[in-house]
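Same order as they appear, the protein sequences are chains A and B.
Just so we're aligned, residue 125 is where the first sequence starts under my numbering, counting upward by one.
Just so we're aligned, residue 53 is where the second sequence starts under my numbering, counting upward by one.
Note that beta-carbon positions come from the ideal geometry of N, C-alpha and C, so glycine has one too.
Because the structure is a prediction, the values reported are computed rather than measured.
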Amino acid sequence: MQMSGAQMVCEAIIAEGVKTVFGYPGGAIMHVYDEIYKQNGFEHILNRHEQAAVHAADGYARATGEVGVAMVTSGPGFTNAVTGLATAYMDSIPMVVISGQVPLSLIGTDGFQEIDAVGISRPCTKHNYLVRTLEELPRIIKEAFYIARSGRPGPVLVDIPKDITVAIGDFVYPETVDILTYKPTYKGNRKQIEKAVEAIKKAKKPLIYVGGGAVLSNASDLVRELAKKTQIPTVETLMARGVMGAKNPMLLGMLGMHGNYASNMAMSETDLIIALGARFDDRVTGKLSEFARYADIIHVDIDPANISKLVDVDYPIVGDLKDVLENMISMLDGVDTDRYRAWREILKRYDELHPQSYVDSDEVLKPQWVIERVGQLVGEKAIITSDVGQHQMWAAQHYPFDRPRQWINSGGLGTMGFGFPAAIGAKRAFPEKTVINVTGDGSILMNMQELVTAAEYKIPVINLILNNQFLGMVRQWQTFFYEKRYSETDLTFQPNWKALAEACGGIGYDVATKEEFDAALKDAIEQDKVCFMNIAVNRFENVLPMVPAGGALYNMMLPQIEEK
Amino acid sequence: MGTEIMKDERRVISVIVMNESSVLARVTALFAGRGYNIESLTVAPIPNSSMSHITIETKGNARVMEQITKQLHKLIPVYKVIEHEEMIEKEMVLVKFPIAENLSDIAALCGAYNGGIVNVGKEMIIAQVADEPARVGHFIEAAQRYNPSEIVRGGIVAIER
Ligand SMILES: Cc1ncc(C[n+]2csc(CCOP(=O)(O)OP(=O)(O)O)c2C)c(N)n1
Ligand SMILES: [Mg+2]
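Here's what the structure looks like:
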């Protein structure tokens with residue numbers, strides 16, 4: 125069929141089954157927007173900043189597992205989108221971002237709103253394309269979606285010069301993709317799996333270490349099955365919260381810089397790490413030379429580059445977690461679970477010794493209490509997104525996550541401003557679910573314009589602002605490591621949160637007590653409107669346990685130390 | 053876990069890539085972005101194919117080399133990465149000498165390194181040598197006494213035996 129490049133973009137998006145596109149128009153992408161106006165195969169949400177549009181597409185992708193789609197114009201539209209690309213890249217989120225570019229004839233001339241988008245985005249995309257002819261446009265979009273969702277997922281940028289969107293040509297959307305140079309490995313090597321299974325059977329203190337890969341590969345049920353069948357204790361990374369389910373007896377908790385005592389001690393004392401879609405991030409390992417000193421390592425990952433990148437791996441298995449676990453579990457019939465009993469007892473005692481805890485107060489709201497309370501009130505029904513800082517860690521530590529994709533946060537890049545637009549994306553995907561963004565008084569301001577988006581499209585996201593009048597996480601480091609010199613972290617100058625939300629078509633709450641919180645949350649859920657809930661919490665609360673950066677995982681600062 | 057001292061070693065790798073725009077930029081940006089060394093780099097299309105052959109001389113310990121190989125593999129247009137073990141490697145060099153120098157000595161020197169004089173101008177002669185990279189280095193050292201005014205090394209090409 126004959127059509128313009130702009131029409132091809134829309135037809136391709138429809139052919140990919142995309143229901144929602146998040147974006148922001150401008151000169152170079154106007155032809156595509158003109159076609160968006162004429163079609164009704166998908167909806168378009170006008171976020172009020174390109175960064176937010178990309179985070180919203182990202183949140184949509186994380187909540188659904190489908191490819192998120194965002195659209196921006198050239199130059200500043202694209203550069204605003206870069207943080208969104210980088211955020212998705214670091215957490216391996218499947219996403220396609222389509223950007224306008226100046227016409228081919230102007231490329232390289234420093235034309236108006238020209239910027240080298242493929243050059244800038246090279247290190248923060250899985251792959252990117254500058255479309256050079258109309259003929260290759262359908263194939264490129266097809267490949268972009270395929271690359272984004274296959275193998276280790278990631279964001280793909282398609283940069284389209286304006287004249288290509290204007291030109292008319294024949295449209296045939298390819299049915300299949302065949303990229304000679306890109307063939308991800310899904311099937312784990314059977315011999316390697318057998319060896320790993322032997323190691324599991326011989327171990328005395330094995331530990332399952334689950335990462336975000338388990339979420340991306342939709343392998344949570346299998347991870348649970350492995351833990352149940354073998355009775356091997358399990359720790360989750362920040363990105364894997366929800367994989368095991370909070371009530372799962374085999375779950376020790378989250379490990380890493382703000383992991384709980386039992387999890388970090390388990391990692392320090394295990395004799396066999398079973399790493400499933402985790403990448404030994406520095407926030408997880410602490411000081412590498414002290415990390416898991418007694419352990420052999422089984423590492424299952426779809427990305428070979430993750431294996432032996434930071435630690436030497438004894439049993440590398442490249443493949444999709446689902447495929448590998450199916451095989452592994454079937455080979456573990458009759459495994460002697462008693463073998464690990466003593467180990468389980470030790471870890472149980474560790475947890476009794478230093479459980480995940482905080483000291484509650486009657487005078488002031490404790491942020492941890494707020495998180496726990498949300499867990500009690502909405503629990504498994506809600507999707508929780510977060511920004512970056514102390515509030516994020518408290519949410520990860522204290523919320524009873526029950527299933528994968530219930531917890532959405534920027535782990536790899538740690539992007540403040542991610543939570544609110546990501547919540548908008550998640551809520552659009554699941555309008556029936558309560559979607560709550562746990563945020564801070566610093567982070568929320570980084571994409572607060574999304575109040576307008578959420579109000580316009582009636583996307584009732586609840587923003588819980590754990591307000592400590594600080595850039596709290598930075599303040600915590602200043603307290604511990606900079607002799608309390610609070611350089612540029614004091615946020616006592618504050619907006620009127622309620623008025624701010626109301627000015628943009630939302631609602632606001634000021635909350636300072638437990639009773640007020642319960643009432644406000646109930647009302648917020650009933651009102652079904654985007655809201656800011658300004659929750660005054662203890663200013664100097666610290667996130668504990670804490671492994672100081674560069675320290676050994678077993679050297680944790682524990683809660684008692686902090687309470688005065 | 054192994055904490056053996058890892059030595060930096062010179063390595064030559066060949067990267068076979070799709071012949072498409074910006075593929076070289078992807079490869080070099082990967083080295084720059086991840087802090088890997090490029091000592092030399094050559095690239096040319098592979099005859100009768102849609103691929104190009106990039107030869108990179110680099111330095112790093114075993115873990116770094118493994119990462120370089122894997123990261124290169126992750127680039128979508130990369131078809132194959134060969135970490136050379138048993139290879140024939142050659143490099144070419146062009147050197148310009150003043151015409152007043154002893155031309156027969158220069159010709160003899162070049163001859164000893166698989167080369168010769170390839171151009172004679174009014175004031176300068178140009179000599180060419182193609183040999184193993186280490187020997188090219190020796191040649192350049194030896195050539196110093198004839199006051200070379202310009203030296204252009206071509207970078208390494210390698211082929212597995
Ligand atoms: C875009 C961005 N800028 C800076 C940082 C560094 N940073 C990490 S946490 C943090 C403080 C966040 O403050 P707030 O949102 O109030 O959360 P709190 O820690 O107080 O809960 C800062 C500045 C970041 N992660 N992202
Ligand atoms: Mg704060």
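(Q) Which runs of the alpha helix (DSSP H) at least 4 residues long sit entirely within the segment 256 to 343 of chain A? Give them in chain order. (A) 261 to 273, 286 to 290, 314 to 326, 337 to 340
Q. Is any heavy atom in ligand 2 found nearer than 7 Å to the beta carbon of residue 565 (chain A)?
A. yes
**Q.** Sequence-distant residues of its chain with Cβ nearer than 7 Å to residue 144 (chain A) (five each side left out)
**A.** 166, 167, 169, 184, 552
Q: Could you give the DSSP three-state label for residue 439 (chain A): helix, strand or coil?
A: strand
**Q.** C-alpha gap between residue 511 (chain A) and residue 199 (chain A), whole angstroms
**A.** 27 Å
Q. Between A:129, A:319, A:305, which lies nearest to residue 286 (chain A) when the distance is taken from Cα to Cα?
A. A:129
Q) Just by C-beta distance, which residues in the segment 80 to 92 of chain B are closer than 7 Å to chain A? A) 81, 85
Q) Comparing the C-beta of residue 128 (chain B) with each C-beta of chain A, is any distance below 8 Å? A) yes
Q.
Bridge partners for residue 112 (chain B) per DSSP, in chain order?
A. B:61
Q. Taking Cβ-Cβ distances below 7 Å as the criterion, which residues of the segment 199 to 231 of chain A are in contact with chain B?
A. none
Q. Which term fits residue 505 (chain A), buried or exposed, when burial requires 16 or more other beta carbons within 10 angstroms of its beta carbon?
A. exposed
Q | Residue from A:598, A:641, A:132 with nearest C-alpha to residue 292 (chain A) | A | A:132
Q: Mind reading off the beta-carbon distance from residue 166 (chain B) to residue 181 (chain B)? Whole number of angstroms is fine, and I expect it under 8 Å.
A: 6 Å
Q: Identify every residue that forms a DSSP beta bridge with residue 542 (chain A).
A: BP columns for residue 542 (chain A) are empty, so no partner.
(Q) If distances are taken between C-alpha atoms only, which option among A:619, A:528, A:242 comes closest to residue 341 (chain A)? (A) A:528
Q: Count the C-beta pairs between the segment 211 to 229 of chain A and the segment 532 to 539 of chain A that are closer than 8 Å, then say yes if the count reaches three, no if not.
A: yes
**Q.** Contact with chain B by residue 537 (chain A), beta-carbon distance below 8 Å
**A.** no
Q. In three-state DSSP terms, what is residue 163 (chain A)?
A. coil
Q: Could you spell out the range, first to last residue, of the alpha helix (DSSP H) harbouring residue 76 (chain B)?
A: 75 to 85
Q) Under a CB-based cut-off of 8 Å, is residue 429 (chain A) close to chain B? A) yes
Q: Measure the beta-carbon distance from residue 283 (chain A) to residue 226 (chain A) and round it to whole angstroms, keeping in mind my assumption that it falls under 8 Å.
A: No, residue 283 (chain A) and residue 226 (chain A) are not in contact; Cβ-Cβ is about 10 Å, not under 8 Å.
Q. When the distance is taken between beta carbons, is residue 150 (chain B) closer than 8 Å to residue 118 (chain B)?
A. no
**Q.** Beta-bridge partners of residue 561 (chain A), as assigned by DSSP
**A.** A:509, A:587
Q: Grab the span of the alpha helix (DSSP H) containing residue 193 (chain B) for me, first residue to last.
A: 185 to 195
(Q) Can you determine whether any heavy atom of ligand 1 sits closer than 7 Å to the C-beta of residue 571 (chain A), and answer yes or no? (A) no
Q. Can a CB atom of chain B be found closer than 8 Å to the CB of residue 478 (chain A)?
A. no
(Q) Using only CA atoms, which one of A:197, A:188, A:191 lies nearest to residue 174 (chain A)? (A) A:197
Q) Shorter than 8 Å from the beta carbon of residue 246 (chain A) to some beta carbon of chain B? A) yes
Q: Kindly indicate the opening and closing residues of the beta strand (DSSP E) around residue 224 (chain A).
A: 219 to 225
Q: Could you pull out every residue in the same chain whose Cβ sits closer than 6 Å to the Cβ of residue 577 (chain A), ignoring the five residues on either side in sequence?
A: 171, 172
(Q) If we define contact as Cβ-Cβ less than 8 Å, is residue 233 (chain A) a contact residue for chain B? (A) no
Q. Can you give, in chain order, each stretch of the alpha helix (DSSP H) that sits fully within the segment 142 to 191 of chain B and has at least 4 residues?
A. 155 to 164
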